[in-house]
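Chains as they are written, first to last, in this note's numbering: chain A, 1 to 310; chain B, 1 to 181.
A virtual CB, placed ideally from N, CA and C, is assigned to each residue, including glycine.
Below is one structure, written out as C-alpha cells, with a few remarks after it.
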Amino acid sequence: MAKLSVSHLLGIKHLNLEDINLIFNTADHFKEVINRPIKKVPSLRDITIANLFFENSTRTKLSFELAEKRLSADIINFSAGQSSVKKGESLIDTANNILSMKVDIIVMRHPNEGAGDFLAKHVNARIINAGDGAHEHPTQALLDSFSIREKLGEVKGKKIVIIGDILHSRVALSNIYALQLQGAEVKLCGPTTLIPKYITKLGVSYEKNLRKALEWCDVANVLRVQHERMDIKYFPSVREYTQLFGINKELLNSINKEIIIMHPGPINRGVELTSDVADSKQSIILNQVENGVAIRMAVIYLLAQQINRD
Amino acid sequence: MAKKTLLNEKEIFIILNRLACQLIENHQDFSNTILIGIQPRGVFLANRLVKILENDYHIKNIKLGKLDITFYRDDFRRREDPLQASSTDINFIVDNKNVVFIDDVLFSGRSIRAALTAIQAFGRPKNIELLVLIDRRFSRHLPIQPDYKGRQVDVIKDEQVKVEWRENNLKDKVCIVNSGS
C-alpha cells in the first residue's frame with residue numbers, strides 16, 4: 001500500500017519514484033481542498049509542528065504555515081533572529097527544548113548544508129528540510145515538478161533548462177535529482193563561474209549560450225542571482241549578466257516554440273527576467289506558489305501518517 | 001473463506017427501483033435536492049440510482065456529487081494500512097439544499113460521521129438524509145441510522161458484507177464473507 005519509503009524529508013536524493021508519485025497524487029486531492037469555499041480539513045488535529053527558520057524566508061515559511069493550518073495542525077514558529085541562538089545555544093539544544101514541548105514534526109531551514117540530516121539523527125521528531133545551505137530544498141523541487149506535470153501532463157521525457165546561479169542554489173540540486181528521477185532531461189545554463197565544477201557528473205549537460213538553451217528546452221526554470229551568498233565577484237556586473245543570461249520578451253518571441261517560464265522566487269525583475277516575461281502567459285510562477293501549499297500539505301500529511309500514537 | 005450470497009442480481013434490481021421510488025416520494029422533482037455518493041464505494045450505488053431516476057422516471061437535472069472523507073476520518077494513524085484518498089467532486093454549494101448521502105454498507109457509522117463533517121466545507125445543507133443498500137444492524141458505534149435502506153442484516157463481527165457491482169467487471173451481488181474460517 002501507499003506509504004513513503006522515508007520517515008523524514010531531508011532531500012530528493014533519498015526518495016524514489018513511487019514516493020514522488022504518491023506525494024503528487026496526494027497533492028492533487030489537497031489542491032482540490034484548497035480551492036473549496038472552506039479550505040480546511042481536520043486530519044492533523046492532534047499534531048504539533050515547529051517551524052524553525054534559521055535563515056530568512058517569506059514564501060516558503062508562509063507556504064508551510066498555511067499548509068499546516070489547512071490540515072488543522074497546531075504550529076509554533078521560531079526565527080533565529082529573535083531567539084537564544086543569538087545567545088549561543090546549539091542546534092540540538094534548541095531542537096530538544098522545542099521537542100520537550102511535545103512537537104511531532106520539525107520544518108527547518110538552516111544556512112548550513114546537512115543541518116536537517118544532523119537533526120534527524122539526534123532528535124526524536126519527523127524532520128522536513130525547508131532548505132539547507134546550498135544543498136537541497138526538496139519541497140521546492142517537488143512543487144516545480146508538480147507544476148510541470150500539471151502544465152504538460154507529465155515530466156517524463158521533457159527537456160528542462162535551469163538557468164542562472166547554480167553554484168549557490170539548493171533549488172537547482174533538488175530539481176536535478178527530482179527531474180532525473182522522473183525521466184526528464186536536464187541542462188544547465190549560466191556564467192561558468194556559477195556552475196559547480198563537477199556538476200556534469202550528475203548526468204546533466206551544460207550550455208553557455210542562453211538562446212541555444214532556450215531553443216532546446218520545453219521548460220526554463222530561472223533562478224535568482226543570490227547576491228547575499230556571493231563573497232567574491234562571480235561576474236563583472238549585473239548589467240552584463242542581464243545581457244547574457246536575462247530573458248526578455250524579444251528573446252522569448254524570437255524562439256520558434258512556446259516554452260514555459262518558471263522561477264522559485266523572489267524575482268529580481270529586470271535582472272534574470274523582465275517584467276513582461278514574468279507576467280506573461282508563458283509564466284507559471286504564480287501557479288508554482290499555489291501548488292507549493294498543496295505539495296507541502298501532502299508531504300506533511302504523509303509523514304504524519306507514520307507517527308504512531310500507541 | 002466462506003462466502004454466502006445475500007442478494008443476487010435480480011433482488012438488487014428490485015431494491016434499487018424501490019429506493020428510487022422512495023426518493024421520489026420525498027424529493028419529487030429533485031430541484032432542491034443533491035445526491036452525494038460517499039467515495040469510493042457509495043459512488044457506484046449513487047450512479048445507478050441516478051440512472052434509474054433519469055431513464056425510468058424521467059427526472060432531469062439531478063445534481064450528483066462525490067464526497068471523499070479520507071481527510072475527515074477519526075482513525076487516521078490508528079490503522080495499519082495508510083489511507084488513500086479518492087477524489088471529491090462537488091461543483092455546487094449545498095447551502096439550503098436537501099442532501100442525501102448514499103453509501104453501500106452502513107456499519108459503525110463512523111464514515112457517515114466523517115461525511116457529516118466533510119460536507120460542511122461546501123455550505124450548510126437544509127437537511128441531510130442517509131440512503132444505504134445494506135444496513136448492518138446492532139453494529140453501530142454512533143447514533144446514526146439510515147433514512148432509506150435496501151436490506152437490513154444481522155452479521156457478526158468476523159463477517160464482512162461485500163457489495164460487488166457490474167461496473168467492476170463483476171455481477172451485481174451482495175455476499176457475506178467470513179474472514180474467520
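### Query
Based on Cα-Cα distance, which residue from Gln39(B), Ala46(B) and Leu133(B) lies nearest to Thr88(B)?
It is Gln39(B) whose Cα lies nearest to the Cα of Thr88(B).
### For Lys281(A), the nearest candidate out of Ile260(A), Arg109(A) and Gln180(A) (CA to CA)
Ile260(A)
### Any 3 or more C-beta pairs closer than 8 angstroms across the segment 150-167 of chain A and the segment 207-222 of chain A
yes
#### Entry: CB contact check: Gln39(B) to chain A, cutoff 7 angstroms
no
### Task
State the Cα-Cα distance for the pair Lys187(A) and Pro264(A), rounded to the nearest angstrom.
So the alpha carbons of these two residues sit roughly 17 angstroms apart.
### Message
Tell me the rounded alpha-carbon separation between Asp172(B) and Arg18(B).
### Response
16 angstroms
### Complete runs of the alpha helix (DSSP H) confined to the segment 158-209 of chain A [at least 4 residues]
Listed in chain order, the complete alpha helix (DSSP H) runs (minimum 4 residues) inside the segment 158-209 of chain A are 170-181.
### Task
Starting from Tyr148(B), follow its DSSP beta bridges and name the residues at the other end.
Leu131(B)
### Message
By the three-class DSSP mapping on this structure, what secondary structure does Val184(B) have?
### Response
Outside the shown range of chain B, which is 1 to 181, sits residue 184(B), and nothing can be said about it.
### Message
With distance defined between alpha-carbon atoms, name the residue in Leu133(B), Asp154(B), Val155(B) and Leu35(B) nearest to Pro146(B).
### Response
Leu133(B)
### Message
What does the alpha-carbon distance come out to for the pair Leu7(B) and Val163(B)?
### Response
9 angstroms
### Message
Using the Cβ count rule (16 or more neighbours within 10 Å means buried), how would you classify Arg70(A)?
### Response
buried
#### Entry: Close Cβ partners of Pro311(A) (< 7 angstroms) along its chain, the five nearest in sequence each way excluded
Beyond the ends of chain A as shown, which are 1 and 310, falls residue 311(A); an answer cannot be given.
### Task
Could you tell me whether any Cβ in chain A is nearer than 7 angstroms to the Cβ of Ile24(B)?
no
### Task
Determine the direct distance from the alpha carbon of Arg45(A) to that of Asn97(A), and round the result to whole angstroms.
22 angstroms
### Task
Give a yes or no on contact between the segment 104-124 of chain A and the segment 140-149 of chain A, applying the rule of three or more CB pairs nearer than 8 angstroms.
The segment 104-124 of chain A, when compared against the segment 140-149 of chain A, does not touch it at the 8 angstroms Cβ threshold.
### Task
Within its chain, find whatever has a CB closer than 6 angstroms to the CB of Asn291(A); leave out the 5 residues flanking it on each side and keep chain order.
If we look at Asn291(A) and ignore the five residues flanking it on each side, its Cβ neighbours are Leu143, Phe146 and Ser147.
### Message
Is it the case that the segment 98-108 of chain A contacts the segment 23-36 of chain B, given that we only count it when at least three CB pairs across the two stretches are under 8 angstroms?
### Response
no
### Query
Where does Ser63(A) land, buried or exposed, given buried means 16+ other C-beta within 10 angstroms?
buried
#### Entry: Buried or exposed by the 16-neighbour rule on C-beta atoms within 10 Å, applied to Glu68(A)
It counts as buried.
### Task
For my contact list, Lys182(B) and Gly37(B) are in at a C-beta cut-off of 8 angstroms; report their separation, rounded to the angstrom.
Outside the displayed span of chain B (1 to 181) sits residue 182(B), for which this structure offers no information.
### Query
Would a check of beta-carbon distances place Arg36(A) closer than 7 angstroms to chain B?
yes
### Task
Counting only the same chain and skipping the five closest in sequence on each side, list residues whose C-beta sits under 8 angstroms from that of Met1(A).
Confidence in Met1(A) is poor, its pLDDT being 46 and thus under 50, which makes the residue's placement unreliable; the coordinate value appears in the next sentence. Excluding residues within five positions, none has a Cβ falling inside 8 angstroms.
### Message
At the level of alpha carbons, what is the spacing between Ile184(B) and Asn98(B)?
### Response
Lying outside 1 to 181, the shown extent of chain B, residue 184(B) is not represented and no answer is given.
### Query
Which of the residues in the segment 121-142 of chain B, read from start to end, lie with their CB under 8 angstroms from any CB of chain A?
Along the segment 121-142 of chain B, the positions whose C-beta sits under 8 angstroms from a C-beta of chain A are Ala121, Phe122 and Gly123, read in chain order.
### Helix, strand or coil at Asp104(B) [DSSP, three-state]
Strand, per DSSP.
### Query
What's the gap between the Cα of Ile24(B) and the Cα of Leu45(B)?
16 angstroms
### Tyr57(B) to His137(A) span [Cα, whole Å]
58 angstroms
### Query
If you draw a straight line from the alpha carbon of Phe30(A) to that of Ala298(A), how long is it in whole angstroms?
7 angstroms
### Query
Got a sec: which bits of the segment 86-97 of chain B sit with their beta carbon under 9 angstroms from any beta carbon on chain A, in order along the chain?
Ser86, Ser87, Thr88, Asp89, Ile90 and Ile93
### Query
Under 7 angstroms Cβ-Cβ, which residues of chain B neighbour Val344(A)?
Nothing in the structure corresponds to residue 344(A), since chain A is present only between 1 and 310.
### Query
Between Phe101(B) and chain A, is there a C-beta pair that is closer than 7 angstroms?
no
### Query
If we ignore side chains and look at the alpha-carbon of each, how far apart do Phe245(A) and Val222(A) end up?
10 angstroms
### Message
Tell me the DSSP secondary structure of Asp75(B) in three-state form.
### Response
coil
### Query
For Leu223(A), which of helix, strand or coil comes out of DSSP?
coil
### Query
Using a C-beta to C-beta distance shorter than 9 angstroms, which residues of chain D count as neighbours of His29(A)?
Protein chains A and B are contained in the structure displayed, whereas chain D is not.
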